[in-house]
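> If you read the sequences in order, they're chains A and B.
Start counting the first sequence at 1; every next residue gets the next number (the working numbering).
Start counting the second sequence at 1; every next residue gets the next number (the working numbering).
Glycine included, every Cβ here is placed at the ideal spot set by N, Cα and C.
2 protein chains.
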Amino acid sequence: MLDVMTAMSPARSTPDLSFLLDRTGHVLRSRMAAALGEIGLTARMHCVLVHALEAERTQIQLAEIGDMDKTTMVVTVDALERAGLAERRPSSTDRRARIIAVTEKGAQVAHESQRIVDRVHAEALEALPEDEREVLTRALNRLVSGHLATPVEAPAPVRRARRSEK
Amino acid sequence: MLDVMTAMSPARSTPDLSFLLDRTGHVLRSRMAAALGEIGLTARMHCVLVHALEAERTQIQLAEIGDMDKTTMVVTVDALERAGLAERRPSSTDRRARIIAVTEKGAQVAHESQRIVDRVHAEALEALPEDEREVLTRALNRLVSGHLATPVEAPAPVRRARRSEK
DNA sequence: TATTGTTATACTCTATAACTATA
DNA sequence: TATAGTTATAGAGTATAACAATA
Chain A
1 MLDVMTAMSP
11 ARSTPDLSFL
21 LDRTGHVLRS
31 RMAAALGEIG
41 LTARMHCVLV
51 HALEAERTQI
61 QLAEIGDMDK
71 TTMVVTVDAL
81 ERAGLAERRP
91 SSTDRRARII
101 AVTEKGAQVA
111 HESQRIVDRV
121 HAEALEALPE
131 DEREVLTRAL
141 NRLVSGHLAT
151 PVEAPAPVRR
161 ARRSEK
Chain B
1 MLDVMTAMSP
11 ARSTPDLSFL
21 LDRTGHVLRS
31 RMAAALGEIG
41 LTARMHCVLV
51 HALEAERTQI
61 QLAEIGDMDK
71 TTMVVTVDAL
81 ERAGLAERRP
91 SSTDRRARII
101 AVTEKGAQVA
111 HESQRIVDRV
121 HAEALEALPE
131 DEREVLTRAL
141 NRLVSGHLAT
151 PVEAPAPVRR
161 ARRSEK
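1) Mind pulling the chain A residues with CB within less than 8 Å of D22 (chain B)?
2) Tell me the start and end of each unbroken beta strand (DSSP E) in the region 39-90 of chain B that is at least 3 residues and wholly inside, in chain order.
3) Counting only Cβ pairs nearer than 8 Å, list the residues of chain B close to E123 (chain A).
4) Less than 9 Å between CB atoms is the rule here; does L140 (chain B) satisfy it with respect to chain A?
5) With A101 (chain A) as the anchor, note down where its beta strand (DSSP E) starts and where it stops.
6) Spell out whether any CB of chain B is found under 9 Å from the CB atom of L143 (chain A).
7) Rounded C-beta distance between L128 (chain A) and R23 (chain B)? I'm assuming under 8 Å.
8) Looking at the ligand GDP, does it come within less than 8 Å of R95 (chain B), judged from the CB to the closest heavy atom?
9) So the candidates are A:L41, A:E132, A:L148, A:T137; which of them puts its Cα closest to the Cα of R82 (chain A)?
10) Enumerate in chain order the residues of its own chain whose CB-to-CB distance from T114 (chain B) is below 8 Å, with the five nearest sequence positions on each side excluded.
11) What is the rounded straight-line gap between the Cα of S145 (chain B) and the Cα of A97 (chain A)?
12) Just to confirm before moving on: does the CB-CB distance between S30 (chain B) and V102 (chain A) stay below 9 Å?
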């Protein structure tokens, strides 16, 4: 789905920023998913792989970097382990925590997936005149760190307790 | 959730367009939802209301404009009817089709919601230096009508037949 | 008492399938 | 046969709650 916020009559003065961001974001995401899918990765797996490779990090730390819930992290790490790209290792300093260690194969895949990501981004930017490229990323960066830095959070949905299954 | 595609090391050459588009889109959407929520509308209700006001349109036509499924359209029109903002009227030329007629109250709300949408967009753009505003929307428009025009479609998930409930 | 990671599952969203009435 | 609209529900995605182990 895709929201069209604004009537597209010729007289419109305000550009439909919602439409533009949703649409470009959605299409880029679909291209990224297709490109990474060719080597068996999801965007999340790539994200975890790359940041686990940079430093010794626990699941919680990786979840925070990728802005995922810790339960989403569990299934992502499960997938990486099944694919032989990463392993859970006990932390030497905190016996509750697991360090995500990237395997040798995982490191190779991470470099390949990073090339794919860069390529998909570059292909999009190359479709723009050179002088627009820099301004686009600068403007988006400005929004991300300024006016559009923090989402308005929706009221927390009520949730029933889990039925105990005994 | 939010995907961070790219390691943020200082040496990175390719800007993380995925992150920028996802993040700005997500935050803008949350602001829009909050602002429209104050007058009891969702983004979809606003979209349908505005385009139904422009011309006599059927549910299918409105669904196509807003890029929604026809079943999503049903619940959106249900909500508009419950709120007294629109009504289903039989088409005079096709007895299968329903014209979505905006009520007087609906027309007032549509104008108000359009002002809200324009304001939220304007607030975001005003956070940018003047010379970046135009380039941003031009660049995004270029991507939308060019390289990022069409999503790569995911392989259709298999779907079992509905269990008949006799 | 608080936190890491886990499991189970509730909830939301959206789309598919099947259906009715009509073209 | 094909299409507009409807209903029921499957499935994906994600987050909450509860829990065990440990801090």
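According to the structure shown:
1) G25, R29
2) 86-90
3) H147
4) yes
5) 98-102
6) yes
7) Their Cβ separation, rounded to whole angstroms, is 20 Å, which puts L128 (chain A) and R23 (chain B) out of contact at 8 Å.
8) This structure simply doesn't include the ligand GDP, nor any ligand for that matter.
9) A:L41
10) The displayed chain sequence assigns Gln, not Thr, to residue 114 (chain B). The answer, listed in chain order, is H46, V50.
11) 47 Å
12) no
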